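Read through the structure below, which is laid out as structure tokens, and then see the notes.
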Amino acid sequence: MSTTPEGAPEPSAAQRLVGDIAPKLAELTDDVLFGDVWARPELAARDRSLITVAALVTNGSTEQLVGHLELAKANGLSETELVEAITHLAFYAGWPRAVSATLVAKQVFAADRDRPEA
0 MSTTPEGAPE PSAAQRLVGD IAPKLAELTD DVLFGDVWAR PELAARDRSL
50 ITVAALVTNG STEQLVGHLE LAKANGLSET ELVEAITHLA FYAGWPRAVS
100 ATLVAKQVFA ADRDRPEA
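Position 101, counted from 1, in the sequence shown is what numbering that gives the first Met the number 0 calls 100; the numbers after and before it change by one each time, with no gaps.
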């Protein structure tokens, strides 16, 4: 967990996104979803990311897809693999959802390339 310059813990992504209006949802996201479900050893984080991206594409959940594409890359999936998964899903989830997801991926990947190296 990272901290602010003052030494306080950095708020989680869930806390930043919904903590002000839905603190319990943020808490459950942090503690149950990412603290328990994502931490289970039966699937690697890379596999969980691929499954999650597929579910979000299938549901047309493009707002959540942004963060999960970034997480998928951090968990070891390449841009090529992610685009191939989206292309494959076009035949199962629908062409419009795959095109929408591809446009989101294009933006996420471009932003990653434009980000300065740490």
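Yeah, the Cβ is synthetic: ideal placement off N, Cα and C, and Gly gets one too.
Here the structure is a predicted model, which means the values were calculated and not measured.
Where does P95 fall in DSSP's three states? Three-state result, P95: helix.
Limits of the alpha helix (DSSP H) - the one that G66 falls within: From DSSP, the alpha helix (DSSP H) with G66 extends over 61-73.
For the alpha helix (DSSP H) that V56 lies in, which residues bound it at each end? Residue range 44-58 is occupied by the alpha helix (DSSP H) that includes V56.
For G76, does the three-state DSSP call read helix, strand or coil? Here residue 76 turns out to be Leu, not Gly, going by the sequence shown. L76 falls in the coil class under three-state DSSP.
Are the beta-carbon atoms belonging to V56 and L16 less than 7 angstroms from one another? No, they are not a contact pair.
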